[in-house]
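Asks: Same order as they appear, the protein sequences are chains P and Z.
Sequential numbering from 0 applies to the first sequence in numbering that gives the first Met the number 0.
Sequential numbering from 0 applies to the second sequence in numbering that gives the first Met the number 0.
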Amino acid sequence: MDVLLVDDSKTMRMLVQRAIRQAGYRSLSFGEAENGVQALETLRTEKPTLVLSDWNMPEMSGIELLQSLRKGGNKTPFGFITSESSAEIKNLAMSNGASFLLTKPFNPDDVQAALEPILEGC
Amino acid sequence: MAEPKPLTIAQLFTGLVGRNVSFTQLLKPAVTGAKRAYGVYLVKPMDTIRVVQLDLPLLGSFGGALLGLPSDTAKERIMASTVEESMRDAVGEVLNVASTIVSIEHRAVFQSMYLDEASLPKTITESLKNPAYKSYFSVAVDGYQGGAFSIFAPI
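The structure is reproduced here in structure tokens:
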């Protein structure tokens, strides 16, 4: 698995996957989780190149997932794709070790610009 | 309350559904006779409520465009007595993304979706009768049915 997509919306997971492929990353493999708890479970056995997560999700939010990963020593690059767009949220994401925060709606160019530094060579 | 600009809202939805969407601001609500759907948002940090009310067929158009469904199929699915999971998920995401235009100054978090007026909590129904703030739009979606879209900040 190259990218773990974490979002409670199946539609959004599909759209993110489509945008990543349209951005030129056609050979990537994807895993999916509906919330932070499921993502943590998946990350016990999988080592993706990138975790892409929504912010607001039931059971465990995206920021809680990131904090939990970093607390446990997991340094997997982590990006947010979310409808949250305030400076406060962006600062919180970055100060907890996120690589980027993309605001929904996004286009393949936005996705490529965010992913390129992380997925170079994939 | 700062008003969201029609162009800003149109750009948001155009970017989301991948079709040209236009918003025209109106002084009074457009009378379409359509069934309505609602998105309820919590505005931080005050925890005040804000509500988006829109024609159900329009919400179905957004969801259908997201899913790549033809216009007629989108309308059929959103108007069904039981809305199937993929359409429910897609329109939920549409209302979630709308949180960025529901409040300009503060962070709005999407709370819940109601696909008919009858299921709306009474407290919200009552507060919508005399909102502190209201903003009305007529919406056109390229290739799909348009409709009425309003934003309310209940008292």
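For glycine and all other residues, C-beta sits at the position ideal for the given N, C-alpha and C.
(1) Would you mind working out which of Z/Glu125, Z/Lys34 and Z/Leu11 sits nearest Z/Phe151, comparing C-alpha positions?
(2) Which same chain residues, not among the five before or five after P/Ser60, have their C-beta less than 7 Å away from its C-beta?
(3) Using a C-beta cutoff of 8 Å, does P/Pro104 count as contacting chain Z?
(4) Rounded to whole angstroms, what's the CA-CA distance from P/Thr102 to P/Ser84? Just pull it up for me.
(5) If you draw a straight line from the C-alpha of P/Leu68 to the C-alpha of Z/Ala107, how long is it?
(6) So what does DSSP say about P/Ala22, is it helix, strand or coil?
(7) Examine the Cβ distances between the region 56-69 of chain Z and the region 75-95 of chain P and report whether three or more of them are shorter than 8 Å.
(8) Should Z/Thr7 be flagged as near chain P, meaning a C-beta pair shorter than 8 Å?
(9) Determine, using beta carbons only, whether Z/Asn129 comes closer than 8 Å to chain P.
(10) Quick check: the region 8-22 of chain Z against the region 40-59 of chain P, are at least 3 beta-carbon pairs closer than 8 Å?
(11) Using the beta-carbon count (16 or more within 10 Å), is P/Ser26 buried or exposed?
(12) Hey, which unbroken runs of the alpha helix (DSSP H) at 4 residues or more fall wholly within the region 46-116 of chain Z?
(13) Taking Z/Asp88 as the query, report the chain P residues whose CB atoms sit under 8 Å from its CB, ordered along the chain.
(14) What distance in whole Å lies between the Cβ atoms of Z/Tyr37 and Z/Leu119, which are believed to be in contact at a cut-off of 8 Å?
(15) Give me the subset of the region 33-67 of chain P whose CB atoms are less than 7 Å from a CB atom of chain Z, sorted by chain position.
(16) Residues of chain P with CB under 7 Å from Z/Thr81, in chain order?
(17) Hey, how far is the Cα of Z/Gly91 from the Cα of Z/Leu57?
(18) To be precise: take each residue of the region 81-103 of chain P, compare its Cβ to all Cβ atoms of chain Z, and keep it if any distance is under 8 Å. Which residues remain?
(19) Taking the continuous alpha helix (DSSP H) assigned at Z/Ala33, which residues delimit it?
(20) What residues in its chain sit with their C-beta under 7 Å from that of P/Leu118, if we drop five residues either side in the sequence?
(21) Would you grab the beta carbon distance between P/Leu3 and P/Gly30 for me? Rounded to a whole angstrom, and I think it's under 8 Å.
Replies: In terms of the structure at hand:
(1) By 1-based counting over the second sequence, the position of residue 151 of chain Z is 152. Minimum Cα distance to Z/Phe151 is reached at Z/Glu125.
(2) The residue given as residue 60 of chain P occupies position 61 in the first sequence. Leaving aside the five residues that flank P/Ser60 on each side, the residues in its chain whose CB is nearer than 7 Å to its CB run, in chain order, Gly35 and Trp54.
(3) As a working note, residue 104 of chain P is residue 105 in the first sequence. Output row for P/Pro104: interface = yes.
(4) Taking the first sequence and counting its residues from 1, one reaches residue 102 of chain P at position 103. Taking the first sequence and counting its residues from 1, one reaches residue 84 of chain P at position 85. C-alpha of P/Thr102 to C-alpha of P/Ser84: approximately 6 Å in a straight line.
(5) The residue labelled residue 68 of chain P in the question sits at position 69 within the first sequence. The residue labelled residue 107 of chain Z in the question sits at position 108 within the second sequence. Taking the straight line from one Cα to the other gives about 27 Å.
(6) Within the first sequence, the letter at position 23 stands for residue 22 of chain P. In the structure shown, P/Ala22 sits in coil (DSSP, three-state: anything other than H, G, I, E or B).
(7) Taking a cut-off of 8 Å for Cβ pairs, the region 56-69 of chain Z and the region 75-95 of chain P do not touch, as fewer than three such pairs fall below it.
(8) The count along the second sequence starts at 1 and reaches residue 7 of chain Z at position 8. At a cut-off of 8 Å between beta carbons, Z/Thr7 makes no contact with chain P.
(9) Along the second sequence, one-based indexing puts residue 129 of chain Z at 130. Not closer than 8 Å to any Cβ of chain P, the Cβ of Z/Asn129 fails to qualify, so no.
(10) In short, these stretches do not touch, since the Cβ pair count stays below three.
(11) Counted from its first residue, the first sequence places residue 26 of chain P at position 27. Sixteen is the threshold: since fewer than 16 other Cβ atoms of the shown chains lie within 10 Å of the Cβ of P/Ser26, the residue is exposed.
(12) Qualifying alpha helix (DSSP H) stretches, in chain order: 55-66, 70-78, 84-96 and 98-101.
(13) Within the second sequence, residue 88 of chain Z is the residue found at index 89, counting from 1. Close partners of Z/Asp88 in chain P (Cβ separation under 8 Å): Ser8, Lys9 and Thr10.
(14) Taking the first residue of the second sequence as position 1, residue 119 of chain Z is located at position 120. Taking the first residue of the second sequence as position 1, residue 37 of chain Z is located at position 38. Confirmed, Cβ separation roughly 6 Å.
(15) Answer set for the region 33-67 of chain P: Asn55.
(16) The sequence position of residue 81 of chain Z within the second sequence is 82, counting from 1. Result: empty, since nearest Cβ-Cβ is about 18 Å, beyond 7 Å.
(17) Here residue 91 of chain Z corresponds to residue number 92 of the second sequence, with the count starting at 1. Here residue 57 of chain Z corresponds to residue number 58 of the second sequence, with the count starting at 1. For Z/Gly91 and Z/Leu57, the distance between alpha carbons rounds to 13 Å.
(18) Across the region 81-103 of chain P, CB contacts with chain Z closer than 8 Å involve Ser82, Glu83, Ser84, Ser85, Glu87, Ile88, Thr102 and Lys103, in sequence order along the chain.
(19) Counting from one through the second sequence, the residue named residue 33 of chain Z turns up at place 34. Careful: Z/Ala33 lies outside any alpha helix (DSSP H) and carries neither H nor E.
(20) Position 119 of the first sequence, counted from the start, is the residue given in the question as residue 118 of chain P. Excluding sequence positions up to five before and after P/Leu118, its CB lies within less than 7 Å of the CB of Tyr24, Thr48 and Leu49, all in the same chain and listed in chain order.
(21) Looking up residue 3 of chain P in the first sequence gives position 4. Looking up residue 30 of chain P in the first sequence gives position 31. P/Leu3 to P/Gly30, Cβ: 5 Å. Contact.
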